[in-house]
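In our numbering, the protein residues as written are 5 to 534.
Just so you know, even glycine gets a beta-carbon here, dropped at the ideal spot from N, CA and C.
Below is one structure, written out as structure tokens; the observations come after it.
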């Protein structure tokens, strides 16, 4: 892709804010940089080659012994020493697209599970190892064989929960992999119904069942000798993660996700001058991001939000009020907080109530009482966007309509979820003169107008090298793998009646859910790790 027809944007100084005065330069040399400054440019390179050896490719927690030995050997045999600002020897003179995947492979023990694991046990594996997905071996003869595998993630747990709650019709599921290839559709539906009934009785259900019902993209593999360019193209098409194998393609040596790759690109951005132009350009100039973000209203039920993520095949929704002002975010990972009977009542509470609950849980677990909403606007530089994505470990940032007053306020104090909750709970206190406009809702980031994702950014990097990517390719592939649904089937699956009807359904469905997870004490303890 050729560079866009506009002049290269120079990075704006983090100190040139409306409140900046020359006297601000009279600060102590040891002053810590502000968060605005830190988010303005990539992190600096190591100060010397010794540190560089220690921190090389910091995304890789344990660089391979062979890589370290090779670099050390180059130094010992007269490899040129360029001083403290030099590139690392292993990437000197190399563009990011030429970097071998072996440089990004973590040597930590790869965590995986077998298809015979129960859904509860698989979920416990995710929680205990702080993972969002885990490879699943489908070999019947060798559970350690990952030459052919699938993945289990929180979208599978969400599907499982919705099935137990009777919120998914059989016509919405992919049944081709269920049973034997010669089984009729009616037979496959019978197998599904029987298995779901087992789950409702609290009996164990193997994850092989649920991962086959919830289609994903093929588990794509690359060897350690493949270059970053190939992976960038794949992940830029919307695939969330790929496997890295040894040269013989007989063993998976690591998993590379979109999130890990964007972190690597950010931490090593100063080594790759070809990124400068893009990092200093705005979202508007680069024309990336979508103007049709998928959202849920704050007063809709949580169960509706979970169903919407299932139906749209997305992992996150923006939460907005009825004026379209951004309030927060709900993620597919949040399903873990309603995976025990003690919290099942939250499924039939508002999304806003659930966000409040999540905040209280995070406060207990992390000791924090303020959580900023990381949003951007079209004038945000790509560098700032990537920095926020890395800092929050997010897959997307919501784009809000630019507002001078909101922007100036956010420089001194970032908008927090707590503030938006207060505004939503007390809308009359937001602005009596202009309560129906996003600008009048002090404490809210602004009107939601778009979203920018890791896929968009990785796709941009890939197209900069001449290849074409489609950010919606993988998502459309997932949607094609399952039967498309009509608006009527969605309405029948989600109860959107009056208050009394919702109460009736909540009582009935919560009881089904409770039976499923309290049949055995060990299952309850496994699922309750939220």
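inquiry  = Our contact map puts residue 215 next to residue 140 with C-beta atoms below 8 Å; I'd like the distance itself, whole angstroms only.
reply    = The residue labelled residue 215 in the question sits at position 211 within the chain shown. The residue labelled residue 140 in the question sits at position 136 within the chain shown. Confirmed, about 6 Å.
key: 6 Å Cβ shell around residue 134 - same chain, five flanking residues per side excluded   = Within the chain shown, the letter at position 130 stands for residue 134. Residues of the same chain with their beta carbon placed closer than 6 Å to that of residue 134 are lacking, with the five preceding and five following residues left out of the count.
query = Count the other CB atoms within 10 Å of the CB of residue 285; is the residue buried (16 or more) or exposed (fewer)?
reply = If you number the chain shown from 1, residue 285 lands on position 281. With 16 or more other Cβ atoms within 10 Å, it is buried.
key: Buried versus exposed call for residue 190 [16 or more other C-beta atoms within 10 Å across all chains shown]   = To locate residue 190, count along the chain shown from 1; it is residue 186. With fewer than 16 Cβ atoms within 10 Å of its Cβ, residue 190 is classed as exposed.
task = Can you tell me which of 465, 332, 385 puts its alpha carbon nearest to the alpha carbon of residue 448?
result = If you number the chain shown from 1, residue 448 lands on position 444. With distances taken between Cα atoms, residue 448 lies closest to 332.
message = Output needed for residue 278: all residues of its chain with C-beta closer than 8 Å, excluding positions within five of it in sequence on either side, in chain order.
response = For the purposes of this step, residue 278 is taken as residue 274 along the chain shown, with counting starting at 1. Around residue 278: 99, 100, 468.
request  = Give the range of the beta strand (DSSP E) segment to which residue 161 is assigned.
outcome  = By one-based count along the chain shown, residue 161 stands at place 157. From DSSP, residue 161 is part of no beta strand (DSSP E) but of the alpha helix (DSSP H) over 158 to 168.
inquiry  = Helix, strand or coil for residue 337? Go by DSSP, reduced to three states.
reply    = Position 333 of the chain shown, counting from 1, holds the residue named residue 337. Helix at residue 337.
ask   = Tell me the DSSP bridge mates of residue 301?
value = Sequence index remark: in the chain shown, residue 301 carries index 297 (1-based). For residue 301, the beta-bridge partners assigned by DSSP are 324.
ask   = Tell me which same chain residues have a C-beta within less than 6 Å of the C-beta of residue 358, skipping the five on either side of it?
value = Indexing the chain shown from 1 puts residue 358 at position 354. So the list reads 306, 350, once near-sequence residues are dropped.
query = What residue from 108, 229, 245 has the CA that sits closest to residue 154's CA?
reply = Stepping through the chain shown from its first residue, residue 154 is reached at position 150. For residue 154, the nearest C-alpha among the options comes from 245.
request  = Mark residue 457 as exposed unless 16 or more other C-beta atoms lie within 10 angstroms of its C-beta, in which case mark it buried.
outcome  = As a first step, residue 457 is located in the chain shown; it is residue number 453 there, counting from the start. For residue 457, the number of other beta carbons within 10 angstroms of its own is at least 16, and it is reported as buried.
message = Short of 8 Å in beta carbon distance, which residues of its chain neighbour residue 222, apart from the five on each side in sequence? Order them along the chain.
response = The residue labelled residue 222 in the question sits at position 218 within the chain shown. Within its own chain, no residue has a Cβ closer than 8 Å to the Cβ of residue 222 once the five positions on either side in sequence are excluded.
query = When you compare each of 192, 129, 316 to residue 298 by their alpha carbons, which one comes out closest?
reply = As a working note, residue 298 is residue 294 in the chain shown. Closest in alpha carbon position to residue 298, among 192, 129, 316, is 316.
Length of the line joining the Cα atoms of residue 254 and residue 151 = Counting from one through the chain shown, the residue named residue 254 turns up at place 250. Counting from one through the chain shown, the residue named residue 151 turns up at place 147. Residue 254 and residue 151 have their C-alpha atoms roughly 6 Å apart.
ask   = With burial defined as no fewer than 16 other Cβ atoms inside 10 Å of the residue's Cβ, what is the status of residue 303: buried or exposed?
value = Locating residue 303 in the chain shown gives position 299, where the first residue counts as 1. By the 16-neighbour rule on beta-carbons within 10 angstroms, residue 303 is exposed.
query = Mind checking residue 385: buried by the 16 CB within 10 Å criterion, or exposed?
reply = Residue mapping note: residue 385 aligns to position 381 of the chain shown, counting from 1. The residue in question, residue 385, is buried, as its Cβ has 16 or more Cβ neighbours within 10 Å.
request  = Compare the Cα-Cα distances from residue 329 to each of 405, 137, 213 and report the closest residue.
outcome  = In the chain shown, counting from the first residue as 1, residue 329 sits at position 325. Taking only the C-alpha atoms, the option nearest residue 329 is 405.
task = May I ask you to report which of helix, strand or coil DSSP gives residue 387?
result = Within the chain shown, numbered from 1, the residue matching residue 387 stands at position 383. Per DSSP, reduced to three states, the secondary structure at residue 387 is helical.
task = Give the DSSP bridge partners of residue 173, in chain order.
result = Here residue 173 corresponds to residue number 169 of the chain shown, with the count starting at 1. Answer by DSSP bridge pairing: none, since residue 173 is not bridged.
Extent of the continuous alpha helix (DSSP H) run through residue 351 = Working through the chain shown from its first residue, we reach residue 351 at position 347. Segment: none, residue 351 is in no alpha helix (DSSP H) and carries neither H nor E.
request  = Using 10 angstroms around the beta-carbon of residue 6, count the other beta-carbons present and answer buried if the total reaches 16, otherwise exposed.
outcome  = Taking the chain shown and counting its residues from 1, one reaches residue 6 at position 2. Legend: pLDDT at residue 6 = 44, less than 50; position of this residue unreliable, value from coordinates given subsequently. Residue 6 sits exposed, since fewer than 16 C-beta atoms from the chains shown fall within 10 Å of its C-beta.
task = Could you say which of 241, 470, 123, 160 lies nearest to residue 461 if we only look at CA atoms?
result = As a working mapping, residue 461 is identified with position 457 in the chain shown. With distances taken between CA atoms, residue 461 lies nearest to 241 out of 241, 470, 123, 160.
inquiry  = Less than 8 Å between the beta carbons of residue 388 and residue 455, yes or no?
reply    = Here residue 388 is taken as the residue at index 384 of the chain shown, counted from 1. Here residue 455 is taken as the residue at index 451 of the chain shown, counted from 1. Contact: no.
Counted within 10 angstroms of its Cβ, other Cβ atoms place residue 251 as buried (16 or more) or exposed = Taking the first residue of the chain shown as 1, we reach residue 251 at position 247. With a 10 Å radius around the Cβ and a threshold of 16 neighbouring Cβ atoms, residue 251 comes out exposed.
ask   = For residue 258 versus residue 114, is the C-beta distance shorter than 8 Å?
value = Against the chain shown, residue 258 aligns to sequence position 254. Against the chain shown, residue 114 aligns to sequence position 110. Their beta carbons are under 8 Å apart, which means residue 258 touches residue 114 by this criterion.
query = How far does the alpha helix (DSSP H) with residue 257 in it reach, from first residue to last?
reply = As a first step, residue 257 must be located in the chain shown, where it is residue number 253. Unbroken run through residue 257 is the beta strand (DSSP E), 256 to 261; no alpha helix (DSSP H).
ask   = For the alpha helix (DSSP H) that contains residue 290, what are its first and last residues?
value = One-based indexing of the chain shown puts residue 290 at position 286. From DSSP, the alpha helix (DSSP H) with residue 290 extends over 287 to 290.
task = Spatial neighbours of residue 160 within its chain, please: CB distance less than 6 Å, with the 5 preceding and 5 following residues excluded, ordered by chain position.
result = As a first step, residue 160 must be located in the chain shown, where it is residue number 156. 214, 215, 218, listed in sequence order.
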